[in-house]
Each structure stands twice: as C-alpha cells, then as structure tokens.
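Student: The opening residue of the sequence shown carries number 699 in the working numbering; numbering runs sequentially from there. In this text, a Cβ means the ideal position worked out from N, Cα and C, and glycines have one as well. This structure is in structure tokens; I'll ask about it shortly.
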Amino acid sequence: MAETQSPSSPRDESVSPRRPDLVGRWNIEISFADGGQRSLRFEAQGEGKGTLELLDPRAKAWGTPTSWEAKWTLGKENDVTFSGPVEFMLGNVGRDAGTLEFRGKFEAADSITGEVEFSPLVGERPSKR
C-alpha cells in the first residue's frame, strides 16, 4: 500500500469538478507487509516526466544515488501511474536496485492512494506493496 500527499496542492475546491493536477512534489510513504516502510519524493513535471528521490539519510551518508528519472500518466478516471528506477538501502552497505511502479487514484486534490510493485534487477520476482 502506498499513499502520496502533496503539501503544495491547492486545498480550495471549486464548485465545478476539476481534473486533479499531478504536477508538483508528492511525498510517498510505502508500507511493506513485514512492517517496514520507505519514504520517497516524486516530483511530477510536465509532459509525463518526473524524478523519484529516496528520502533515506543512510543513502546520502554512503554517497549512493538518491534521485532517478521517472515517468507518469494521469488517466481519464483520475487514475495515476508513475514509475522509475530506485535503489533501496539494505542494512548498512547493501542495495536493492530495481524498478518501482505506482498505480493509484486521486482520493482528494492533494492525496493519492494505490499500490506499488517493485521489480528487483536481480533475484526475486516483482513484489507488491
């Protein structure tokens, strides 16, 4: 399960229905079945481009990459998909590199809820979160 929130999204709802805008910065909290959690930031830019940033102080301390190019789409029913490569820290020195794909739906103008699938580059098959 993953949830995203944008602190910069507008809170004022107009009378007429609006299509939510994905462009902006979104904080992502991923909860794993084993109780573990990961935090990322997704910055959605125009034309389906964006950046995924791992918010893990250990990664910065070890000098590993913490930001990767991503892509996104916003569907007709306010469904959202974004994906990109990421590297999660494992313990003190290990890394779990793979592709993260989020599929969700706007719950409000500043909140998206959905599921994440992580496909490691080596080893195990994709796992849903």
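For the alpha helix (DSSP H) that contains Phe755, what are its first and last residues?
Tutor: The identity of residue 755 in the sequence shown is Pro, whereas the question assumes Phe. Here the alpha helix (DSSP H) through Pro755 covers 755-760.
Student: Where does the unbroken beta strand (DSSP E) through Val814 begin, and where does it stop?
Tutor: Residues 809-818.
Student: Output needed for Ala806: all residues of its chain with C-beta closer than 8 angstroms, excluding positions within five of it in sequence on either side, in chain order.
Tutor: Counting only Cβ-Cβ distances below 8 angstroms, and skipping sequence neighbours, we find nothing.
Student: Would you report the Cα separation of Leu720 and Trp766, rounded to the nearest angstrom?
Tutor: The alpha-carbon atoms of Leu720 and Trp766 are separated by roughly 18 angstroms.
Student: For Glu741, I'd like the list of residues in its chain whose CB is within less than 6 angstroms of its CB, leaving aside the five on either flank, ordered along the chain.
Tutor: Within the same chain, Glu741 has close Cβ partners Arg723, Gly748, Thr749.
Student: Looking at the secondary structure, which residues open and close the beta strand (DSSP E) in which Lys680 lies?
Tutor: There is simply no residue 680 to check, as the chain begins at 699 and stops at 827 in what is shown.
Student: Short of 8 angstroms in beta carbon distance, which residues of its chain neighbour Gly773, apart from the five on each side in sequence? Order them along the chain.
Tutor: Cβ within range, chain order: Thr779.
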